[in-house]
Amino acid sequence: MSAHNSFAIFNAPSDFHLDLVARLVGVNLDCLEKMISTQISPLKELLERTPSFSLGEPGQTGAWWAAVGFSSIEYWKAYTLDSLEYQHQVLQTLAQHSAK
1 MSAHNSFAIF NAPSDFHLDL VARLVGVNLD CLEKMISTQI SPLKELLERT PSFSLGEPGQ
61 TGAWWAAVGF SSIEYWKAYT LDSLEYQHQV LQTLAQHSAK
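Heads up: the sequence shown begins at 1 in our numbering, then just goes up one per residue.
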């Protein structure tokens with residue numbers, strides 16, 4: 001790639017860059033809102049279940065750990081799917097912008 005081509009982006013009008021920034025901010029806000037709702041749900045469910053478990057009673061400790069394990073799996077599943085969706089949306093936005 002020649003020096004002329006590699007710095008061509010700096011010759012683009014500022015509106016071109018501002019449009020990209022605005023679109024990426026929109027993607028970030030949309031994904032953040034979704035991530036908060038999907039990732040908080042398993043943690044909230046665990047906190048709601050915890051008072052029903054008495055760790056002093058035999059057999060309840062296992063149930064508590066099972067609930068923690070299940071909630072952890074649900075949290076990481078939501079986190080992974082949200083992260084992949086976020087990456088896809090950012091790449092899609094960049095591709096659409098570079099096609100202009």
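The beta carbon of each residue, even a glycine, is placed where N, CA and C say it ideally should be.
Residue i - DSSP class collapsed to helix/strand/coil
i: P42; result: helix
i: K100; result: coil
Contacts around residue i, its chain only, beta-carbon distance under 6 Å, and the 5 residues preceding and following it disregarded
i: R23; result: T93
i: G31; result: Inspection of the sequence shows that residue 31 is occupied by Cys rather than by Gly. Y86.
i: M1; result: Unreliable placement is indicated for M1, whose pLDDT of 45 sits below 50; no coordinate value is reported for it.
i: M35; result: D82
Same chain, Cβ closer than 7 Å to residue i, five either side skipped, listed in chain order
i: T38; result: A78, D82
Option in the options with minimal Cα separation from residue i
i: A67; options: L43, K100, V27; result: L43
Contacting residues, own chain, Cβ-Cβ under 8 Å from residue i (five flanking each side not counted)
i: Y75; result: Q39, P42, L43
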